[in-house]
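Peer 1:
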Amino acid sequence: APDNFDNFMSFMIGTIDATLASQNVALAAEALGLGICYMGSTLANCDQIGRALELPPGVFPVVGYSLGWPDEDPRPRDRLPLSGLVHYETYCDYCDADIEEIYRERNRKGWERYMTFPELRQRIEGSGVENLAQVYTVLKYTRESHIEFSRTVLDYLKEQGFLAEE
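Counting in the numbering used here, the final residue of the sequence shown is number 166, and the numbers go up one at a time with none missing.
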């Protein structure tokens, strides 16, 4: 049979499958009382992870998490209300006022939580950011870092054989 999986579409299908499988494992683990923490750095470090694991061509790390018995019982993180996530029949393109309302409570609680960490508080106060969204876009996930991580992902996709040019 011909190898038709050396392209971006195949990568996306595999990525969705791997993500769904990882979420099912996470839900099952949590149901058994295990703790889980998704590693947001998996894609940004895909090349290093792939080399460390000696992944063959056609294999790409998309999801990683730690799993174990928790030493503590933290309260669940605040999530957006369903009104900001669920769309009925068609996509709702929210105006700025709607977005502010959707994020208001999460922003308030997240800001309060971040300000309890002395190093983070000092960094926030020294940066001039005024809300949680700015913490993420100015301090944590900058445009420059995302461009660099995008290059890493694209280069490793090519190296692993997912960007056939035909």
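Built from N, CA and C at the ideal position, the CB exists for glycine as well.
(1) Count the other CB atoms within 10 Å of the CB of proline 61; is the residue buried (16 or more) or exposed (fewer)?
(2) Is it true that the stretch 121-128 meets the stretch 21-34, where meeting means three or more beta-carbon pairs spaced less than 8 Å apart?
(3) Tell me where the alpha helix (DSSP H) around glycine 14 begins and ends.
(4) Here's a check: name, in chain order, each residue in its chain whose Cβ is nearer than 7 Å to the Cβ of valine 59, leaving out the five neighbours to either side.
(5) Exposed or buried, leucine 80, counting other C-beta atoms within 10 Å across all chains shown (16 or more means buried)?
(6) Please go through the stretch 29-113 and give each complete beta strand (DSSP E) segment of 3 or more residues, from N-terminal end onward.
(7) Give me, in chain order, the residues of the same chain whose beta-carbon lies closer than 8 Å to that of asparagine 7; leave out the 5 immediate sequence neighbours on both sides.
(8) Helix, strand or coil: how does DSSP classify aspartate 3 here?
(9) Distance, Cα to Cα, glycine 68 vs tyrosine 94?
(10) Does the pairing of the stretch 48-57 with the stretch 82-93 give three or more beta-carbon distances under 8 Å?
(11) Are there three or more Cβ pairs, one per stretch, closer than 8 Å when the stretch 131-145 is compared with the stretch 96-110?
(12) Take glutamate 148 as the anchor and find which of Ser10, Tyr38, Asn45 and Ala21 has the nearest alpha-carbon.
(13) Relative to the C-alpha of tyrosine 136, which residue among Arg151, Ser150 and Leu120 is closest?
Peer 2: Looking at the atomic coordinates:
(1) buried
(2) no
(3) 8-31
(4) Gln160
(5) exposed
(6) 35-38 and 65-68
(7) Phe162, Leu163 and Ala164
(8) coil
(9) 39 Å
(10) no
(11) yes
(12) Asn45
(13) Leu120
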